[in-house]
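Enquirer: Here's a structure for you.
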Amino acid sequence: MFINTRGNSKLFIYQNHTFRFMYKRAYGSQLWYCWYFFSRCCPAKLRIDNSGKVTESIGRHNHDPPTCWMTPDGKSYSEDLVQCVPTRKGHHILFKGYTYTFKSRLQCGAEQWCCSYRQKTGCISMINMQAYGVEVLRDFHNHKKPMFSDGF
C-alpha cells in the first residue's frame, strides 16, 4: 500500500513494515529500502514494478514490524487509537486527528509529546504517553486537524 507524507515523500507499507523509495531503474522497476535502513542498518529491500506490485523481496528485517502505523487518509483512524505517522525525521503520533512530536522523556518513564504545529501556530496542546495509555495535558488546538493524502 502506497502512502504520501505531508512532506510529499512516498512510503510503501508491506507486511506491516514501512519502506522508503530509493531509486528507479532504467527499465522501470523501483527499489525501496526499509525505513530503518539508515538508523538500524536493516538490509530489507523491495523491488516494485510499474504497476505497484512487489516483484522481489530482498533480505530480511533485523527488527520487528513497528507496533503502529497508519494510512493517512484522514478518516480511517480510530479517534482514541494512538498511531505512528512516519516522517523524514522519524515519526509523529496521531491522536484524535492531531499530530504530535516527541518533546521529552520524563523521569517516571512517560514520554511527553507536543502538538506538531507548535512552531507554526504556537499551539500548546500536549499529551503524555504512559504505560497505561494517553494522558491529555492540554487539549485545545488553535488550528484545524491536518489533512492527509489518500496515496497515489
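FYI, UniProt numbering numbers position 82 of the sequence shown as 82, with every residue one higher than the one before it.
Think of the CB as a built atom: it goes at the ideal place given N, C-alpha and C, for glycine as much as any other residue.
#1: In angstroms with no decimal places, state the Cα-to-Cα distance between R138 and V85.
#2: Which whole-angstrom value describes the C-beta separation of residue 170 and H141, a residue pair presumed to lie in contact below a C-beta threshold of 8 Å?
#3: Which residue comes first and which comes last in the beta strand (DSSP E) that contains K45?
#4: List the endpoints of the continuous alpha helix (DSSP H) containing Q119.
#5: Grab me the residues of Q112's own chain with a C-beta within less than 7 Å of its C-beta, minus the 5 sequence neighbours each way, in chain order.
#6: So, K144 versus Y98, is the Cβ gap smaller than 7 Å?
#7: Which same chain residues, not among the five before or five after Y77, have their C-beta less than 8 Å away from its C-beta?
Expert: Quick look at the numbers:
#1: 21 Å
#2: Because the chain is modelled from 1 through 152, residue 170 falls outside the range shown and cannot be assessed.
#3: K45 to I48
#4: R118 to T121
#5: Excluding the 5 residues flanking it on each side, Q112 has same chain C-beta neighbours closer than 7 Å at K103, S104, L106, M126 and N128, in chain order.
#6: Contact flag unset, no.
#7: For Y77, the predicted model reports a pLDDT of 40, less than 50, meaning its position is unreliable; a value from the coordinates is still stated below. Excluding sequence neighbours, Y77 sits near M70, Q83, L94 and G97.
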